[in-house]
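Novice: Dumping the structure here so I can ask a few things about it.
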Amino acid sequence: MSETLRDIEKLADASYEFGFSTDLDTDVAPPGLTEDTVRLIAAKKDEPDWLLEWRLKAFAAWQQMEEPDWAKLQIAPIDYQSISYWAAPKKKPVLDSLDEVDPEIREMFDKLGIPLHEQKMLSNVAVDAIVDSVSVTTTFKETLAEAGVIFCSFSEAVRDHPDLVREHLGSVVPVRDNFFAALNSAVFSDGSFCYIPKGVRCPMELSTYFRINSMNTGQFERTLIVAEDDSHVSYLEGCTAPQRDENQLHAAVVELVAKDRAEIKYSTVQNWYPGDENGVGGIYNFVTKRGRAHTDAKISWTQVETGSAITWKYPSVILQGDRSVGEFYSVALSSKRQQADTGTKMVHIGADTTSSIISKGISAGNGQNTYRGLVKMMRSAENARNYTQCDSLLLGKRCGAHTVPYIEVKNPSAQVEHEASTSTVGEDQLYYCRQRGMSEEDAMAMIVNGFCREVFDELPMEFAVEAQRLLSASLEGSVG
Amino acid sequence: MLHVDDLTVSIGGTPILKGLDLEVGPGEVHAIMGPNGSGKSTFAHALAGREGYDVEGTVTLDGADLLAMEPEDRAAAGVFMGFQYPVEIPGVNNMYFLRTALNSVRRSRGEDEISAREFLKVAQEAMDLVEMKQDFLNRSVNAGFSGGEKKRNEILQMAVMQPKLAVLDETDSGLDIDALRVVASGVNALRGPERSMIVITHYQRLLDYIKPDYVHVLVNGRIVESGDHTLALHLEEKGYADFLGEDAELTGASA
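These protein sequence lines are chains A and B, in that order. With the working numbering, you'll find the first sequence wraps up at 572, consecutive numbering, no jumps. With the working numbering, you'll find the second sequence wraps up at 273, consecutive numbering, no jumps.
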């Protein structure tokens with residue numbers, strides 16, 4: 093193996109800067125999952141009966157289901173009875189005032205670079221901060237309320253806007269959709285809720301920041317975004333977790349509803365703890381994300397996935413209304429022993445619907461990266477169109493990249509295009525950059541960022557910079 | 019300024035350069051000519067620091083030991099190589115690349131980074147030199163460039179980097195006559211008392227535009243003849259046959 097190649101592999105071997113844990117006084121339920129656990133969660137949260145019934149229905153369904161095994165992933169058996177399904181910081185903050193947030197939690201978020209004091213915050217971004225199972229605070233609530241936008245924790249939404257939640261919960265991802273979605277539906281603890289009224293353009297970016305802190309707990313949050321006719325919202329989620337030796341399960345569900353002519357842009361920067369170079373520890377990130385686009389509506393998913401030991405997620409769009417638009421932009425990095433099986437599903441139902449998929453997979457170390465995507469043109473999808481581009485970049489000799497497109501076309505007028513490429517960072521590219529004075533590390537970061545540019549261009553400005561930094565950090569190492 | 023003493027280079031056990039000596043003074047332009055396979059490009063890459071070469075001998079630039087340096091340190095020391103086949107870097111903006119390169123060498127030299135405003139000025143002057151339009155800087159590095167554009171981009175980079183020693187490896191290959199004229203006039207504009215150049219070429223054609231102070235003939239890993247620009251004209255007329263000796267048949271076959 094050449095010197096350059098060894099250096100590339102060193103570069104790919106990065107340290108995880110968010111691996112600290114915070115000593116919070118936490119209320120944790122004993123491990124195990126039975127109907128009583130579901131009842132306990134509902135009781136802790138003082139939920140209405142309809143929601144408990146909904147959870148129990150999901151739990152019953154989950155018990156009959158089996159883990160999916162079709163993804164190209166090696167997953168050690170998960171003992172669902174050894175996980176604790178409820179963990180919450182004990183000093184429950186008064187949700188209406190930031191000053192009431194536990195100083196230790198505030199400090200934790202400061203350390204993560206997400207200050208919760210409004211005067212210090214990124215301008216024009218409202219944040220809902222979630223630690224373990226519960227939301228600890230939401231910023232900029234009043235500014236949003238003036239525009240009629242509701243942005244709050246899921247628990248608050250159940251309490252304050254039960255009709256809206258009841259109408260849309262499970263309307264895009266039914267409780268029986270898949271094993272992990274059913275599990276989430278039974279035990280979800282909190283999450284974010286967002287409602288944009290008719291004709292409103294949300295005045296700022298909305299953001300949820302997820303942090304797993306406790307040991308041996310799973311994180312099961314739900315996000316529900318409802319954009320009424322002619323409204324517009326851009327939403328971002330970020331995630332980190334402490335460095336721990338055991339695997340932790342994160343099984344989230346995100347549902348988006350874009351009514352007529354509405355637009356939802358949903359961006360994710362996922363940086364859960366990936367485990368170490370021997371594959372010990374790390375988050376299992378098993379997430380179901382789906383949006384329903386009504387007539388002339390547009391749903392756009394952008395994801396930058398650099399963390400987690402295992403990533404299993406396929407943010408999808410059901411293009412129900414005529415002329416609706418679905419987009420998926422993805423960068424997924426698998427280094428060390430990370431595995432990612434990710435992609436999207438575009439289900440075209442309406443006429444003249446269009447979808448585009450740009451997927452960039454980066455594999456390094458012993459990482460395995462699979463793009464798995466479904467493009468389905470239903471019989472009714474007259475003149476529907478899809479364009480898919482899947483590019484894979486290999487850094488080193490022990491990693492792998494796989495592309496598995498599924499295409500189902502039932503309407504002869506539909507058009508589907510698929511392009512795929514696999515490349516390596518060439519020694520000649522690195523040499524060229526070094527001849528121009530750049531260090532090997534800088535050259536590598538530049539080349540990889542260039543590879544991802546089409547996706548980064550889709551992220552809101554502040555987060556595009558963050559994503560580039562994160563990607564460079566994930567590739568950083570000791571160049572000899 | 020540049021001293022090359024008994025330079026030998028092997029690649030994968032095969033000797034390519036077999037004891038090359040060369041002295042290049044400040045401000046001088048040296049042309050190196052030779053048949054295919056004589057080791058011209060290997061010499062250029064040995065100066066730039068390409069990996070995978072087994073190199074022996076001595077190469078110093080203003081007294082500094084080039085062979086002990088990484089490629090990026092050689093760049094900071096003032097070595098610039100114009101590539102025969104410039105590399106494509108998709109998604110990386112040409113302007114960003116140039117500015118990163120310039121700032122990298124400035125940092126290595128302990129200088130301040132260039133301001134955006136000052137850089138734009140430098141870039142604009144370089145663009146005028148190679149007759150490139152503004153959008154050139156906003157495209158990805160060499161991606162989708164024509165052969166001529168790639169070579170012009172190399173000269174543009176040289177103009178921005180302002181090297182002490184420029185090694186131009188077959189900069190004329192693949193150029194039509196107009197592009198050749200642009201590239202050559204760019205090179206000529208960058209000649210100066212503080213900048214030495216080594217121009218590697220297969221054909222005399224380039225030397226109609228870039229008049230060298232010295233011409234060297236490289237055959238089978240050694241410089242076998244040196245002279246002024248008239249030597250190039252002689253080669254144009256007679257070919258390399260005079261210099262090939264007992265290897266004539268072999269080298270001729272591979273040409």
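Glycine included, every Cβ here is placed at the ideal spot set by N, Cα and C.
Taking 7 Å as the threshold (C-beta atoms), are B:Asn112 and B:Leu155 in contact?
Specialist: The sequence position of residue 155 of chain B within the second sequence is 137, counting from 1. The sequence position of residue 112 of chain B within the second sequence is 94, counting from 1. Yes, the pair counts as a contact, with Cβ atoms nearer than the cut-off.
Novice: Counting only Cβ-Cβ distances shorter than 9 Å, please list the residues of the segment 97–112 of chain B near chain A, keeping chain order.
Specialist: Against chain A - using a Cβ distance shorter than 9 Å - the residues of the segment 97–112 of chain B are Val97, Phe98, Met99, Phe101, Tyr103, Pro104, Val105, Glu106, Ile107, Pro108, Gly109, Val110, Asn111.
Novice: Identify each residue in the segment 527–551 of chain A for which the Cβ-Cβ distance to at least one residue of chain B is less than 8 Å, and report them in chain order.
Specialist: Residues of the segment 527–551 of chain A whose Cβ lies closer than 8 Å to any Cβ of chain B, in chain order: Gln527, Arg528, Gly529, Met530, Ser531, Glu532, Asp534, Met538, Ile539, Asn541, Gly542, Phe543, Cys544, Arg545, Glu546.
Novice: Distance, Cα to Cα, B:Asp246 vs B:Gly43?
Specialist: Residue mapping note: residue 246 of chain B aligns to position 228 of the second sequence, counting from 1. Residue mapping note: residue 43 of chain B aligns to position 25 of the second sequence, counting from 1. Distance between the alpha carbons of B:Asp246 and B:Gly43: 15 Å.
Novice: Applying a beta-carbon distance threshold of less than 8 Å, which residues of chain B neighbour A:Tyr616?
Specialist: Nothing can be reported for residue 616 of chain A: it is not among the residues displayed for chain A, which extend from 93 to 572.
Novice: Going by the CB atoms, is the gap between A:Gly399 and A:Trp364 shorter than 7 Å?
Specialist: Start at 1 with the first residue of the first sequence, and residue 364 of chain A comes out as number 272. Start at 1 with the first residue of the first sequence, and residue 399 of chain A comes out as number 307. A contact, by the Cβ cut-off of 7 Å.
Novice: For the segment 56–74 of chain B, which residues have a CB atom closer than 7 Å to at least one CB atom of chain A, in sequence order?
Specialist: Those would be Ala66, Arg68, Glu69, Gly70, in chain order.
Novice: Going by beta carbon distance, what residues of the same chain come within less than 6 Å of A:Lys212, once the five residues before and after it are set aside?
Specialist: Translated into positions along the first sequence, residue 212 of chain A becomes position 120. Confidence in A:Lys212 is poor, its pLDDT being 45 and thus under 50, which makes the residue's placement unreliable; the coordinate value appears in the next sentence. Cβ neighbours of A:Lys212 beyond the five flanking positions: none.
Novice: State the DSSP-derived secondary structure class of A:Gln430, mapped to helix, strand or coil.
Specialist: Within the first sequence, the letter at position 338 stands for residue 430 of chain A. Note: A:Gln430 maps to coil in three-state DSSP.
Novice: Please classify B:Tyr232: is it buried, with 16 or more other beta-carbons within 10 angstroms of its beta-carbon, or exposed?
Specialist: In the second sequence, residue 232 of chain B corresponds to position 214, counting from 1. Per the 10 Å Cβ criterion, buried.
Novice: Taking B:Phe115 as part of the alpha helix (DSSP H), name the residues at either end of that continuous run.
Specialist: Within the second sequence, the letter at position 97 stands for residue 115 of chain B. Segment 112–126, the alpha helix (DSSP H) holding B:Phe115.
Novice: Using DSSP with H/G/I as helix, E/B as strand and the rest coil, what is A:Ala506?
Specialist: Along the first sequence, read from residue 1 onward, the residue named residue 506 of chain A stands at position 414. Coil at A:Ala506, not helix or strand.
Novice: Should the segment 399–411 of chain A be called in touch with the segment 373–385 of chain A, which here means at least 3 C-beta pairs below 8 Å?
Specialist: yes
Novice: Taking 8 Å as the limit between beta carbons, can you name the residues of its chain near B:Leu193, skipping five residues before and five after?
Specialist: Mapped onto the second sequence, residue 193 of chain B falls at position 175. Excluding positions up to five away in sequence, the list reads Gly165, Gly166, Lys169, Val201.
Novice: Any residues in the segment 130–162 of chain A with a beta carbon nearer than 9 Å to a beta carbon of chain B? Which ones, in chain order?
Specialist: none
Novice: How far does the alpha helix (DSSP H) with B:Lys256 in it extend, from its first residue to its last?
Specialist: Residue 256 of chain B sits at position 238 when you count from the first residue of the second sequence. Annotation for B:Lys256: the continuous alpha helix (DSSP H) segment containing it runs 248–256.
Novice: Pull the bridge partners of B:Lys36 from the DSSP assignment, please.
Specialist: To locate residue 36 of chain B, count along the second sequence from 1; it is residue 18. BP columns for B:Lys36 point to B:Thr26.
Novice: Residues in the same chain with beta-carbon distance under 6 Å from A:Ala344, minus the five sequence neighbours each way, listed in chain order, please.
Specialist: Residue mapping note: residue 344 of chain A aligns to position 252 of the first sequence, counting from 1. Closer than 6 Å at Cβ, skipping near neighbours: Glu313, Val379.
Novice: Going by DSSP in three states, B:Glu149 sits in which element: helix, strand or coil?
Specialist: By one-based count along the second sequence, residue 149 of chain B stands at place 131. Looking at B:Glu149 - three-state DSSP - the assignment turns out to be coil, as it is neither helix nor strand.
Novice: Is the beta carbon of B:Gly75 sitting closer than 7 Å to the one on B:Leu25?
Specialist: To locate residue 75 of chain B, count along the second sequence from 1; it is residue 57. To locate residue 25 of chain B, count along the second sequence from 1; it is residue 7. Yes, Cβ-Cβ distance for B:Gly75 and B:Leu25 is below 7 Å.
Novice: Taking A:Val417 as the reference, which of A:Gln362, A:Thr434, A:Ile356, A:Asn458 has the closest Cα?
Specialist: Counting from one through the first sequence, the residue named residue 417 of chain A turns up at place 325. If we check each option's Cα against that of A:Val417, A:Ile356 comes out closest.
Novice: Can you check whether the C-beta of B:Val22 is within less than 7 Å of a C-beta belonging to chain A?
Specialist: Translated into positions along the second sequence, residue 22 of chain B becomes position 4. By this cut-off, B:Val22 is not an interface position.
Novice: Can you tell me where the alpha helix (DSSP H) holding A:His260 begins and where it ends?
Specialist: The count along the first sequence starts at 1 and reaches residue 260 of chain A at position 168. Element bounds for A:His260: 254–260.
Novice: Helix, strand or coil: which one does DSSP assign to B:Gln222?
Specialist: Taking the second sequence and counting its residues from 1, the one referred to as residue 222 of chain B is at position 204. Annotated three-state conformation of B:Gln222 is helix, per DSSP.
Novice: Please determine, among B:Glu254, B:Gly67, B:Val148, the residue with the shortest C-alpha to C-alpha distance to B:Leu198.
Specialist: Mapped onto the second sequence, residue 198 of chain B falls at position 180. Closest option to B:Leu198, Cα to Cα, is B:Val148.
Novice: Counting only Cβ pairs nearer than 9 Å, list the residues of chain A close to B:Gln175.
Specialist: Sequence index remark: in the second sequence, residue 175 of chain B carries index 157 (1-based). Those are Arg528, listed as they occur along chain A.
Novice: Are A:Ala535 and A:Arg526 closer than 7 Å when you measure CB to CB?
Specialist: Against the first sequence, residue 535 of chain A aligns to sequence position 443. Against the first sequence, residue 526 of chain A aligns to sequence position 434. Their beta carbons are under 7 Å apart, which means A:Ala535 touches A:Arg526 by this criterion.
Novice: Go through its chain and collect everything with a Cβ distance to A:Ala278's Cβ below 6 Å, but skip five positions before and after it.
Specialist: Along the first sequence, read from residue 1 onward, the residue named residue 278 of chain A stands at position 186. Answer for A:Ala278: Val130, Arg147, Ala150, Phe151, Trp154, listed in chain order.
Novice: Cutting at 7 Å between CB atoms, please list the residues of its own chain near A:Leu411, excluding the five before and the five after it.
Specialist: For the purposes of this step, residue 411 of chain A is taken as residue 319 along the first sequence, with counting starting at 1. The answer, listed in chain order, is Ala385, Gly418, Met438, Val439, His440, Ile441, Gly442, Thr445, Ser447.
Novice: If the cut is a Cβ gap below 9 Å, which residues of chain B does A:Tyr523 touch?
Specialist: If you number the first sequence from 1, residue 523 of chain A lands on position 431. Below the 9 Å Cβ cutoff, chain B contributes His63, Ala66, Gly67, Arg68, Glu69, Pro89, Val105 as neighbours of A:Tyr523, in chain order.
Novice: With 9 Å as the C-beta to C-beta threshold (strictly closer), list the residues of the segment 423–440 of chain A near chain B in chain order.
Specialist: none
Novice: Would a C-beta distance cut-off of 7 Å place B:Ala86 and B:Val27 closer than the cut-off?
Specialist: Walking along the second sequence from the start, residue 86 of chain B turns up at place 68. Walking along the second sequence from the start, residue 27 of chain B turns up at place 9. Their beta carbons are not under 7 Å apart, which means B:Ala86 does not touch B:Val27 by this criterion.
Novice: Considering only residues of the same chain and omitting the five flanking positions on each side of B:Ser244, which have a CB-CB separation below 8 Å?
Specialist: Numbered from 1 along the second sequence, position 226 holds the residue referred to as residue 244 of chain B. Cβ within range, chain order: Tyr232, Val233, His234, Val235.
Novice: If you check the beta carbons only, do A:Glu347 and A:Leu328 fall under 7 Å apart?
Specialist: Position 255 of the first sequence holds residue 347 of chain A. Position 236 of the first sequence holds residue 328 of chain A. Taking 7 Å as the Cβ cut-off, A:Glu347 and A:Leu328 do not qualify as a contacting pair.
Novice: For A:Asp520 and B:Phe115, what's the separation of their Cα atoms in angstroms?
Specialist: Translated into positions along the first sequence, residue 520 of chain A becomes position 428. Translated into positions along the second sequence, residue 115 of chain B becomes position 97. Cα-Cα distance, rounded: 16 Å.
Novice: Scan the segment 185–199 of chain B for residues whose Cβ lies nearer than 7 Å to a Cβ of chain A and list them as they occur along the chain.
Specialist: none
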